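Undergrad: Before I ask anything, here is the structure I am working with.
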Amino acid sequence: MSKRILVVDDAAFMRMMIKDILTKNGYEVVAEAADGAQAIEKYQEHNPDLVTMDITMPEMDGITALKEIKKMNPNAKIIMCSAMGQQAMVIDAIQAGAKDFIVKPFQADRVLEAIGKTLS
1 MSKRILVVDD
11 AAFMRMMIKD
21 ILTKNGYEVV
31 AEAADGAQAI
41 EKYQEHNPDL
51 VTMDITMPEM
61 DGITALKEIK
71 KMNPNAKIIM
81 CSAMGQQAMV
91 IDAIQAGAKD
101 FIVKPFQADR
111 VLEAIGKTLS
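Quick note on full-length UniProt numbering: the sequence shown kicks off at 1 and runs consecutively.
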């Protein structure tokens with residue numbers, strides 16, 4: 001059975017890029033969200049195996065959403081996505097329970113490595 005993934009990013013283009021990498025490699029993207037509040041909603045609705053979560057988003061940022069999802073499911077597997085230069089936020093995210101992080105622009109092999117490692 002293919003692993004089910006929720007893709008969260010405020011940029012539709014970034015969601016499309018990561019979705020493309022995932023679907024080409026046998027993963028199923030069960031839902032997409034454009035901000036942290038939507039991410040929590042979609043997480044409850046779909047209960048995915050893994051979430052890729054952008055850090056910087058409007059409404060609710062990725063770290064806040066990460067903490068909320070972790071409250072609902074302490075075993076949630078979340079990989080943060082960040083632009084270069086957000087190291088402090090990446091550290092916050094890891095301390096809040098993120099399993100890994102991917103730097104934008106996405107490189108397919110790095111995305112797949114992070115996901116493979118997190119799901120194994």
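Beta carbons are placed, not taken as given, at the ideal position from N, Cα and C, and that holds for glycine. Just so it is clear, the structure is predicted and the values come from calculations on it, not from any experiment.
How do the segment 106 to 117 and the segment 62 to 70 stand: do at least 3 beta-carbon pairs fall below 8 Å, yes or no?
TA: With a cut-off of 8 Å, the segment 62 to 70 and the segment 106 to 117 do not count as touching, because too few Cβ pairs lie within range.
Undergrad: Taking 6 Å as the limit between beta carbons, can you name the residues of its chain near D49, skipping five residues before and five after?
TA: Correct list, in chain order: K3, R4.
Undergrad: How would you call T52, buried or exposed, if buried means at least 16 neighbouring beta carbons within 10 angstroms?
TA: By the neighbour-count rule (16 or more Cβ atoms within 10 Å), T52 is buried.
Undergrad: Does the segment 21 to 32 come within contact of the segment 87 to 94, defined as at least 3 CB pairs closer than 8 Å?
TA: No: fewer than three Cβ pairs fall under 8 Å.
Undergrad: Leaving out five residues on either side along the sequence, give the residues of the same chain with a beta carbon under 6 Å from the beta carbon of V90.
TA: Contacts found: S82, F101.
Undergrad: Per DSSP, what kind of secondary structure is A88 in: helix, strand or coil?
TA: A88: helix per DSSP, three-state reduction.
Undergrad: Measuring only from the beta carbon, is I94 closer than 6 Å to any heavy atom that is part of the ligand NAD?
TA: The model on display carries no ligand, and the ligand NAD is accordingly not part of it.
Undergrad: Quick one: give me the first and last residue of the alpha helix (DSSP H) that A39 is part of.
TA: 36 to 46 is the extent of the alpha helix (DSSP H) around A39.
Undergrad: How many angstroms separate the CA atom of M14 from the CA atom of K24?
TA: Whole-angstrom Cα-Cα distance: 16 Å.
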